[in-house]
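The sequence shown begins at 0 in numbering that gives the first Met the number 0 and counts up one residue at a time. First comes the structure, then the notes that go with it.
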Amino acid sequence: MNIPCMKPSKFHQALSHIDNEFRDPKILLEQYPTDIPTTHELIYLIQSQYGDIEGKMIADLGCGVGVLGIGAALLGASYVLGVDIDQDALELCQENIETLDLENIDLLQLDVTNLTSEHSSSTVESESSNSGKDCSSISGKFHKCFDTVIMNPPFGTKNNEGIDMKFVQIALDMANNSVYSFHKTSTRTFIQRKAKKWNIGMETLGEVRFLIPQMYKCHKTKSVDIQVDFIRFFHK
């Protein structure tokens with residue numbers, strides 16, 4: 000048992016200050032808000048059961064407005080890098096970081112699917128925060144650069160089939176220890192086969208329900224519940 004540095008009530012109170020609603024959500028990026036209570040429960044689980052947050056180098060891929068990465072920073076991560084392609088989301092993420100007066104988070108504007116150890120730093124458009132670091136200079140050095148990767152990737156249901164597993168591949172290349180990720184429960188068997196093929200460990204830590212509000216014109220109901228697995232991937 001790894002006791003988190005912040006009590007659950009204080010952690011939840013801090014998370015409640017995060018604005019988790021995208022101001023200009025983009026359907027092609029499958030942008031939906033990450034639920035604050037779910038974030039509280041699962042980030043706390045990562046630390047208490049596996050010790051993969053406090054004192055660790057963390058990457059949050061497809062960070063959006065920063066809920067997961069900020070949660071990790073609040074719970075004692077030594078450093079957090081949030082990566083997202085969307086400038087609008089990163090601007091709100093930066094506002095959330097400043098609201099909570101966090102100094103150990105940097106942001107990088109980049110398509111996560113281009114974030115590989117072979118990627119040339121000269122082609123990266125970066126946006127750093129807080130420390131003033133030029134994140135573009137480290138884009139080619141992410142191989143095993145982080146202890147833990149946390150993410151809520153696109154599910155791959157909007158003309159991006161398989162993108163969630165592309166995120167997992169990249170995350171595994173970046174992480175020394177574990178990758179924690181959300182995936183549709185309906186794809187669990189497929190993901191298990193992928194994990195076996197890649198010779199990596201996989202365990203489903205829990206099932207959660209994502210309440211997706213009516214955000215886009217194509218949504219025909221006020222909201223929809225999606226059953227989602229919270230999965231831990233790890234190197235054997």
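Positions of the beta carbon are idealized from the N, C-alpha and C atoms, including for glycine.
Would you mind giving the Cβ-Cβ distance between residue i and residue j, rounded to the nearest angstrom? I have them listed as a contact below 8 Å.
i: Met-164; j: Leu-60; result: About 13 Å separates the two Cβ atoms, so there is no contact after all.
i: Asp-18; j: Leu-91; result: 6 Å
i: Asp-146; j: Lys-6; result: About 23 Å separates the two Cβ atoms, so there is no contact after all.
i: Leu-41; j: Phe-229; result: 6 Å
i: Asn-95; j: Tyr-78; result: Actually they do not touch by this definition, with Cβ atoms about 17 Å apart.
i: Val-66; j: Thr-38; result: 5 Å
According to DSSP, what are the bridge partners of residue i?
i: Gly-205; result: Phe-229
i: Asp-83; result: Gln-108
i: Asp-100; result: DSSP output for Asp-100 lists no bridge partner at all.
i: Phe-145; result: Ala-174
i: Ile-69; result: DSSP output for Ile-69 lists no bridge partner at all.
i: Gly-200; result: Phe-233
Do you know how far the Cα of residue j is from the Cα of residue i?
i: Ile-159; j: Cys-4; result: According to the sequence as given, residue 159 is Asn; it is not Ile. About 38 Å.
i: Asp-23; j: Gln-93; result: 15 Å
i: Gly-68; j: Tyr-43; result: 13 Å
i: Ala-71; j: Thr-186; result: 26 Å
i: Asp-105; j: Leu-114; result: 16 Å
i: Ile-57; j: Asp-110; result: 18 Å
i: Arg-208; j: Asp-100; result: 31 Å
i: Arg-192; j: Leu-210; result: 27 Å
i: Phe-154; j: Thr-184; result: 11 Å
i: Leu-14; j: Asp-172; result: 29 Å
i: Pro-36; j: Val-227; result: 15 Å
i: Ile-169; j: Glu-97; result: 28 Å
i: Glu-53; j: Lys-140; result: 23 Å
i: Phe-189; j: Asn-1; result: 32 Å
i: Arg-231; j: Leu-74; result: 18 Å
i: Gln-108; j: Ala-88; result: 10 Å
i: Asp-224; j: Gly-205; result: 16 Å
Practice prompt. Specify whether the region 191 to 209 and the region 77 to 89 touch according to this definition: at least 3 beta carbon pairs, one from each stretch, less than 8 Å apart.
Written response: no
Discussion item. Could you check whether the region 42 to 60 touches the region 171 to 179, counting it as contact only if at least three pairs of C-beta atoms, one from each stretch, sit closer than 8 Å?
Written reply: yes
Fill in: Ordered list of beta strand (DSSP E) runs contained in the region 148 to 195, each at least 3 residues
174 to 183
Item to complete: Counting only runs of 3+ residues fully inside the region 9 to 64, write out the beta strand (DSSP E) ranges in chain order.
Response: 56 to 60
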